[in-house]
Amino acid sequence: MFDHYAQAYDALYQDKDYEGECDFVEAAAQRYLDRRAATILDFGCGTGGHAIPLVRRGYHVTGVDQSGAMIERANGKRAQLNGHADHVRFAVGDARHTALGRTFDLVTCMFAVLSYQTTDADALALFKNARQHLEPGGLFVCDYWHGPGVLALRPLTRAKTAELGGESVTRTSTPTLDEAARVVTVDIHTRHARAGQPGTESREQHRVRYFFPSEISRLLTGSGLRPLHYCAFPDFNLPPTDHDWNAAVIARAI
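Going by my numbering, the letters in the sequence shown line up with residues 16 to 269, in that order.
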């Protein structure tokens with residue numbers, strides 16, 4: 016999963032507000048961390064969409080993703096950092112199990128990476144691993160698919176076309192909602208086209224779980240993390256409602 020999708024990822028998400036989401040991470044640190052944050056571990060870093068801007072803001076970032084293709088693309092962006100490439104490290108690994116042998120001021124888990132943990136056991140493993148990489152008082156910042164919003168807004172088939180670097184990418188996402196499992200299965204069909212060349216196609220299936228705050232609080236508490244703040248994402252100051260597909264939680268290591 017994601018290895019084929021990696022080819023289209025940056026084109027499809029070039030309009031994503033990574034800078035605004037990094038503002039969100041910094042706002043969480045400024046409000047809830049008792050020291051100035053210097054180091055960040057980014058679980059599910061993808062192609063470095065958050066890590067690269069955070070390095071530009073002065074942080075040392077380690078990004079982990081289970082897709083080797085994503086990590087390859089992330090490493091290719093280190094050259095953008097103008098002498099600060101040594102402030103970021105990218106590695107292939109599973110957020111549930113990767114052990115880096117050190118701790119960080121913040122652990123982030125962005126772009127609904129939590130929602131790819133479709134069982135309680137998987138989510139608990141991710142939370143426990145985040146806790147293992149935090150000193151007491153360190154922060155965990157995470158966004159996820161928000162159950163009330165998903166059920167109110169309902170998943171719809173969507174198509175998107177984007178262009179980047181002379182390549183056109185069209186993605187069609189067809190969802191199937193399983194309310195009993197609290198999972199949306201998304202069939203993704205992606206077509207790449209470049210002028211004068213034959214197009215290529217790929218298909219992937221993503222299973223994405225939506226969570227309710229009570230579930231997350233229970234799992235966080237069982238992992239040595241105390242939930243501090245729930246909000247609509249990426250609006251730090253608004254509580255999540257059934258109009259919000261995405262929400263976020265901030266928790267402190269205890």
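Even for Gly, the Cβ is constructed at its ideal location relative to N, Cα and C.
Just so you know, these numbers come straight off a predicted model, no measurement behind them.
Roughly how many angstroms separate the alpha carbons of residue i and residue j, rounded to a whole number?
{"i": "V103", "j": "V70", "result": "7 Å"}
{"i": "D226", "j": "L141", "result": "Just to set this straight, residue 226 is Phe in the shown sequence, not Asp. The alpha-carbon atoms of F226 and L141 are separated by roughly 14 Å."}
{"i": "I265", "j": "R209", "result": "42 Å"}
{"i": "T215", "j": "G181", "result": "15 Å"}
{"i": "H204", "j": "S217", "result": "6 Å"}
{"i": "T256", "j": "T172", "result": "23 Å"}
{"i": "L154", "j": "G91", "result": "29 Å"}
{"i": "K143", "j": "S188", "result": "32 Å"}
{"i": "A53", "j": "G73", "result": "8 Å"}
{"i": "H99", "j": "V76", "result": "11 Å"}
{"i": "D202", "j": "G116", "result": "37 Å"}
{"i": "L129", "j": "P213", "result": "36 Å"}
{"i": "D38", "j": "R186", "result": "29 Å"}
{"i": "R51", "j": "G152", "result": "12 Å"}
{"i": "G162", "j": "W260", "result": "8 Å"}
{"i": "G108", "j": "E194", "result": "30 Å"}
{"i": "S229", "j": "L235", "result": "10 Å"}
{"i": "T118", "j": "E150", "result": "6 Å"}
{"i": "L240", "j": "R46", "result": "17 Å"}
{"i": "D32", "j": "P68", "result": "11 Å"}
Are the beta-carbon atoms of residue i and residue j separated by less than 9 Å?
{"i": "Q81", "j": "F17", "result": "yes"}
{"i": "P249", "j": "D158", "result": "yes"}
{"i": "T207", "j": "V223", "result": "Thr is not the amino acid found at residue 207; the sequence shown has His there. No."}
{"i": "A43", "j": "A177", "result": "no"}
{"i": "V79", "j": "L56", "result": "yes"}
{"i": "Y245", "j": "A268", "result": "no"}
{"i": "T123", "j": "V156", "result": "yes"}
{"i": "A89", "j": "G63", "result": "yes"}
{"i": "A84", "j": "A127", "result": "no"}
{"i": "L192", "j": "R169", "result": "yes"}
Can you have a look at residue i and say buried or exposed, based on whether 16 or more other CB atoms are within 10 angstroms of its CB?
{"i": "S238", "result": "buried"}
{"i": "H65", "result": "buried"}
{"i": "G59", "result": "buried"}
{"i": "D120", "result": "buried"}
{"i": "A114", "result": "exposed"}
{"i": "E36", "result": "buried"}
{"i": "H258", "result": "exposed"}
Using a Cβ-Cβ cutoff of less than 7 Å, which residues in the same chain neighbour residue i once the five nearest sequence positions on both sides are dropped?
{"i": "S232", "result": "P242"}
{"i": "D137", "result": "R111"}
Apart from the five residues just before and just after residue i, which ones in its own chain have a Cβ nearer than 6 Å to its Cβ?
{"i": "V198", "result": "T133, R222, R224"}
{"i": "A106", "result": "V79"}
Which ranges does the beta strand (DSSP E) cover as unbroken runs of at least 3 residues, wholly within the stretch 102-179, from first to last along the chain?
-> Listed in chain order, they are 103-107, 119-124, 149-161, 173-179.
Could you give the uninterrupted runs of the beta strand (DSSP E) lying entirely in the stretch 205-241, keeping only those of 3 residues or more?
-> Within the stretch 205-241, the complete beta strand (DSSP E) segments at least 3 residues long are 215-226, listed from N- to C-terminus.
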